[in-house]
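Just below is one structure, and these are the notes that go with it.
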Amino acid sequence: PKIYALIPLIPLFLLIVFSDIFSFFPKPIVLNTTTAMFISMALAMVFELVRLRSIKAVLESLKVFWNGMGNIFKSVVTLIVAADLFAQGLISLNFIDGLLNASTHFGLAAVAITLVMTVMIFLASMLMGSGNASFFAFGPLVPNIAAQFGVSTTSIILPMNLAASMGRAVSPVSGVLIATAEIAGVESIAIAKRNFIPLTLGLAVLLIFHFI
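And the structure:
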(Lines of atoms letter the chains of each structure in order from A; the text may use other names.)
(Lines give C-alpha, C1' and ligand atoms only; values in the text may rest on other atoms or scores of the structure.)
Protein backbone atom coordinates (compact mmCIF):
# COMPACT_ATOMS: atom_id res chain seq x y z
CA PRO A 233 0.00 0.00 0.00
CA LYS A 234 1.15 3.52 -0.82
CA ILE A 235 0.50 4.71 2.72
CA TYR A 236 3.41 2.53 3.85
CA ALA A 237 5.73 5.11 2.28
CA LEU A 238 4.91 7.43 5.20
CA ILE A 239 6.05 4.98 7.90
CA PRO A 240 9.81 5.68 7.55
CA LEU A 241 9.04 9.39 8.07
CA ILE A 242 7.32 8.85 11.42
CA PRO A 243 10.54 8.82 13.55
CA LEU A 244 11.67 12.09 11.97
CA PHE A 245 8.24 13.62 12.51
CA LEU A 246 8.19 12.56 16.18
CA LEU A 247 11.69 13.88 16.83
CA ILE A 248 10.79 17.26 15.29
CA VAL A 249 7.49 17.55 17.18
CA PHE A 250 9.08 16.74 20.56
CA SER A 251 12.24 18.77 19.95
CA ASP A 252 13.12 22.23 21.26
CA ILE A 253 12.26 23.74 17.87
CA PHE A 254 8.56 23.81 18.70
CA SER A 255 6.80 24.25 22.04
CA PHE A 256 3.61 22.26 21.55
CA PHE A 257 3.47 21.10 25.17
CA PRO A 258 3.48 23.12 28.40
CA LYS A 259 6.13 20.81 29.86
CA PRO A 260 8.94 19.64 27.58
CA ILE A 261 8.81 15.96 26.63
CA VAL A 262 12.15 14.33 25.90
CA LEU A 263 12.03 11.77 23.11
CA ASN A 264 15.20 10.03 21.96
CA THR A 265 15.83 8.35 18.63
CA THR A 266 15.47 4.80 19.97
CA THR A 267 12.04 5.50 21.46
CA ALA A 268 10.90 7.15 18.23
CA MET A 269 12.02 4.09 16.25
CA PHE A 270 10.11 1.68 18.51
CA ILE A 271 6.97 3.84 18.37
CA SER A 272 7.21 3.77 14.58
CA MET A 273 7.72 0.01 14.65
CA ALA A 274 4.57 -0.39 16.76
CA LEU A 275 2.58 1.74 14.30
CA ALA A 276 3.95 -0.31 11.41
CA MET A 277 2.79 -3.48 13.19
CA VAL A 278 -0.70 -1.99 13.50
CA PHE A 279 -0.71 -1.24 9.76
CA GLU A 280 0.37 -4.81 9.02
CA LEU A 281 -2.25 -6.23 11.39
CA VAL A 282 -5.00 -4.31 9.60
CA ARG A 283 -3.71 -5.49 6.23
CA LEU A 284 -2.94 -9.13 7.05
CA ARG A 285 -5.46 -9.71 9.89
CA SER A 286 -3.08 -12.22 11.44
CA ILE A 287 -0.91 -11.60 14.50
CA LYS A 288 1.28 -14.56 13.59
CA ALA A 289 2.00 -13.14 10.12
CA VAL A 290 2.76 -9.72 11.61
CA LEU A 291 5.21 -11.17 14.12
CA GLU A 292 6.76 -13.24 11.34
CA SER A 293 7.31 -10.12 9.22
CA LEU A 294 8.92 -8.42 12.23
CA LYS A 295 11.98 -10.62 11.67
CA VAL A 296 13.00 -8.22 8.91
CA PHE A 297 13.36 -5.43 11.49
CA TRP A 298 15.55 -7.48 13.82
CA ASN A 299 17.63 -8.89 10.96
CA GLY A 300 18.26 -5.36 9.71
CA MET A 301 19.26 -4.23 13.21
CA GLY A 302 21.62 -7.20 13.47
CA ASN A 303 23.23 -6.38 10.14
CA ILE A 304 23.83 -2.79 11.26
CA PHE A 305 25.40 -3.94 14.53
CA LYS A 306 27.53 -6.42 12.61
CA SER A 307 28.90 -3.78 10.25
CA VAL A 308 28.59 -0.12 11.22
CA VAL A 309 28.51 -0.41 15.03
CA THR A 310 31.44 -2.83 15.04
CA LEU A 311 33.43 -0.40 12.91
CA ILE A 312 32.57 2.48 15.24
CA VAL A 313 33.71 0.50 18.30
CA ALA A 314 36.92 -0.46 16.51
CA ALA A 315 37.45 3.15 15.45
CA ASP A 316 37.03 4.33 19.04
CA LEU A 317 39.67 1.83 20.17
CA PHE A 318 41.90 3.05 17.35
CA ALA A 319 41.46 6.65 18.49
CA GLN A 320 42.29 5.75 22.08
CA GLY A 321 45.37 3.92 20.83
CA LEU A 322 46.52 7.00 18.93
CA ILE A 323 46.06 9.11 22.04
CA SER A 324 47.97 6.60 24.18
CA LEU A 325 50.82 6.58 21.66
CA ASN A 326 51.05 10.38 21.95
CA PHE A 327 49.98 10.83 18.33
CA ILE A 328 48.58 14.27 19.10
CA ASP A 329 51.73 15.42 20.87
CA GLY A 330 53.88 14.10 18.04
CA LEU A 331 51.75 15.83 15.43
CA LEU A 332 51.82 19.10 17.35
CA ASN A 333 55.57 18.91 17.93
CA ALA A 334 56.17 18.19 14.24
CA SER A 335 53.95 21.08 13.19
CA THR A 336 55.78 23.42 15.57
CA HIS A 337 59.16 22.19 14.34
CA PHE A 338 58.26 22.77 10.70
CA GLY A 339 56.43 26.02 11.44
CA LEU A 340 53.04 24.72 10.34
CA ALA A 341 49.91 26.64 11.24
CA ALA A 342 46.41 25.40 12.08
CA VAL A 343 45.55 25.46 8.38
CA ALA A 344 48.25 22.91 7.60
CA ILE A 345 47.14 20.64 10.44
CA THR A 346 43.56 20.84 9.19
CA LEU A 347 44.73 19.83 5.72
CA VAL A 348 46.63 16.86 7.14
CA MET A 349 43.73 15.69 9.32
CA THR A 350 41.21 16.11 6.49
CA VAL A 351 43.29 14.08 4.05
CA MET A 352 43.88 11.42 6.72
CA ILE A 353 40.17 11.01 7.43
CA PHE A 354 39.41 10.93 3.68
CA LEU A 355 41.90 8.07 3.22
CA ALA A 356 40.61 6.31 6.34
CA SER A 357 37.06 6.40 4.96
CA MET A 358 38.32 4.85 1.74
CA LEU A 359 40.00 2.08 3.73
CA MET A 360 37.19 1.38 6.21
CA GLY A 361 34.27 1.92 3.85
CA SER A 362 32.50 3.96 6.52
CA GLY A 363 32.51 7.69 7.07
CA ASN A 364 31.17 7.27 10.61
CA ALA A 365 33.95 4.89 11.63
CA SER A 366 36.73 7.13 10.35
CA PHE A 367 35.12 10.20 11.90
CA PHE A 368 34.86 8.48 15.29
CA ALA A 369 38.51 7.49 14.95
CA PHE A 370 39.91 10.97 14.30
CA GLY A 371 37.16 13.22 15.68
CA PRO A 372 38.16 12.84 19.37
CA LEU A 373 41.66 14.10 18.52
CA VAL A 374 40.43 17.48 17.28
CA PRO A 375 39.59 19.35 20.54
CA ASN A 376 43.15 19.03 21.88
CA ILE A 377 44.65 20.06 18.55
CA ALA A 378 42.33 23.08 18.28
CA ALA A 379 43.18 24.11 21.84
CA GLN A 380 46.91 23.95 21.13
CA PHE A 381 46.58 26.24 18.11
CA GLY A 382 44.02 28.53 19.69
CA VAL A 383 41.39 28.00 16.99
CA SER A 384 37.79 26.82 17.17
CA THR A 385 37.12 23.10 17.03
CA THR A 386 34.55 23.70 14.29
CA SER A 387 37.12 25.17 11.90
CA ILE A 388 39.06 21.88 11.95
CA ILE A 389 36.32 19.31 12.35
CA LEU A 390 33.92 20.64 9.68
CA PRO A 391 36.08 19.78 6.64
CA MET A 392 36.96 16.47 8.32
CA ASN A 393 33.29 15.60 8.63
CA LEU A 394 32.61 16.37 4.97
CA ALA A 395 35.78 14.54 3.87
CA ALA A 396 34.66 11.43 5.76
CA SER A 397 31.45 11.29 3.72
CA MET A 398 33.32 11.91 0.48
CA GLY A 399 35.88 9.20 1.21
CA ARG A 400 33.14 6.62 1.69
CA ALA A 401 31.98 7.19 -1.88
CA VAL A 402 35.46 6.20 -3.13
CA SER A 403 35.67 3.00 -1.08
CA PRO A 404 34.94 -0.26 -2.93
CA VAL A 405 34.01 -1.90 0.40
CA SER A 406 31.42 0.69 1.47
CA GLY A 407 27.83 -0.48 1.66
CA VAL A 408 26.51 2.26 -0.61
CA LEU A 409 28.96 1.40 -3.41
CA ILE A 410 28.35 -2.34 -3.09
CA ALA A 411 24.58 -1.82 -3.28
CA THR A 412 24.92 0.56 -6.24
CA ALA A 413 27.25 -1.86 -8.01
CA GLU A 414 24.76 -4.71 -7.59
CA ILE A 415 21.96 -2.59 -9.05
CA ALA A 416 24.13 -1.45 -11.98
CA GLY A 417 25.57 -4.94 -12.53
CA VAL A 418 29.21 -3.80 -12.28
CA GLU A 419 32.09 -4.27 -9.85
CA SER A 420 32.22 -1.86 -6.91
CA ILE A 421 35.89 -1.14 -7.67
CA ALA A 422 34.82 0.23 -11.08
CA ILE A 423 32.52 2.76 -9.42
CA ALA A 424 35.23 3.63 -6.88
CA LYS A 425 37.70 4.34 -9.70
CA ARG A 426 35.15 6.51 -11.48
CA ASN A 427 34.43 8.49 -8.31
CA PHE A 428 38.06 8.96 -7.25
CA ILE A 429 39.04 11.88 -9.50
CA PRO A 430 35.87 14.02 -9.12
CA LEU A 431 35.74 13.48 -5.36
CA THR A 432 39.45 14.20 -4.94
CA LEU A 433 38.95 17.44 -6.85
CA GLY A 434 35.86 18.09 -4.75
CA LEU A 435 37.93 17.64 -1.60
CA ALA A 436 40.44 20.20 -2.89
CA VAL A 437 37.65 22.69 -3.69
CA LEU A 438 36.13 22.07 -0.26
CA LEU A 439 39.39 22.94 1.49
CA ILE A 440 39.97 26.02 -0.68
CA PHE A 441 36.51 27.44 0.02
CA HIS A 442 36.74 26.53 3.70
CA PHE A 443 39.84 28.64 4.21
CA ILE A 444 38.93 31.57 1.95
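First residue of the sequence shown: 233, per our numbering; consecutive thereafter.
Glycine included, every Cβ here is placed at the ideal spot set by N, Cα and C.
Note that this is a predicted model, so its numbers are computed, not measured.
Between residue 404 and residue 384, is the Cβ-Cβ spacing less than 9 Å? Between residue 404 and residue 384, the C-beta gap is not smaller than 9 Å, which leaves the two residues out of contact.
Over what stretch of residues does the alpha helix (DSSP H) that includes residue 303 continue unbroken? Taken as a continuous stretch (DSSP letters only), the alpha helix (DSSP H) holding residue 303 covers 295-304.
Tell me where the alpha helix (DSSP H) around residue 363 begins and ends. Start and end: 363-370.
Could you tell me the alpha carbon to alpha carbon distance between residue 396 and residue 270, rounded to whole angstroms? CA-to-CA, the gap between residue 396 and residue 270 works out to about 29 Å.
Can you tell me the Cα-Cα spacing of residue 372 and residue 390, whole angstroms? Residue 372 and residue 390: Cα-Cα distance of roughly 13 Å.
Nearest candidate by alpha-carbon position, reference residue 238, set 259, 301, 275 and 412: The alpha carbon of residue 238 has as its nearest neighbour, out of 259, 301, 275 and 412, the alpha carbon of 275.
So, using beta-carbon positions, are residue 377 and residue 349 closer together than 9 Å? It is a contact, given that the beta carbons lie within the stated cut-off.
How about residue 408 and residue 388: do their beta carbons lie closer than 9 Å? No, these two residues do not count as a Cβ contact at 9 Å.
Residue 243, buried or exposed, once every other Cβ within 10 Å from all chains shown has been counted against 16: Classification of residue 243: buried, given that the 10 Å Cβ count is 16 or more.
Quick check: what's the CA-CA separation for residue 264 versus residue 255? Their Cα atoms are separated by approximately 17 Å.
Extent of the continuous alpha helix (DSSP H) run through residue 264: Here residue 264 belongs to no alpha helix (DSSP H), and DSSP marks it neither H nor E.
Is it true that the CB of residue 444 sits closer than 9 Å to the CB of residue 399? No, the pair does not count as a contact, with Cβ atoms beyond the cut-off.
Buried or exposed: which applies to residue 346, given that a residue is buried once 16 or more other Cβ atoms fall within 10 Å of its Cβ? It is buried - the Cβ of residue 346 has at least 16 other Cβ atoms within 10 Å.
Look up residue 401 in the DSSP assignment and say whether it is helix, strand or coil. If DSSP states are grouped into helix, strand and coil, residue 401 belongs with coil.
Verify whether the separation of the beta carbon atoms of residue 429 and residue 412 is less than 9 Å. Their beta carbons are not under 9 Å apart, which means residue 429 does not touch residue 412 by this criterion.
Sort 313, 273, 282 and 306 by Cα distance to residue 295 and report the nearest one. The shortest Cα separation from residue 295 among 313, 273, 282 and 306 belongs to 273.
Classify residue 324: buried if its beta carbon has 16 or more other beta carbons within 10 angstroms, exposed otherwise. By the neighbour-count rule (16 or more Cβ atoms within 10 Å), residue 324 is not buried but exposed.
Buried or exposed: where does residue 358 fall if 16 or more other Cβ atoms within 10 Å of its Cβ makes it buried? Counting other Cβ atoms within 10 Å of its Cβ, residue 358 reaches 16 or more and is therefore classed as buried.
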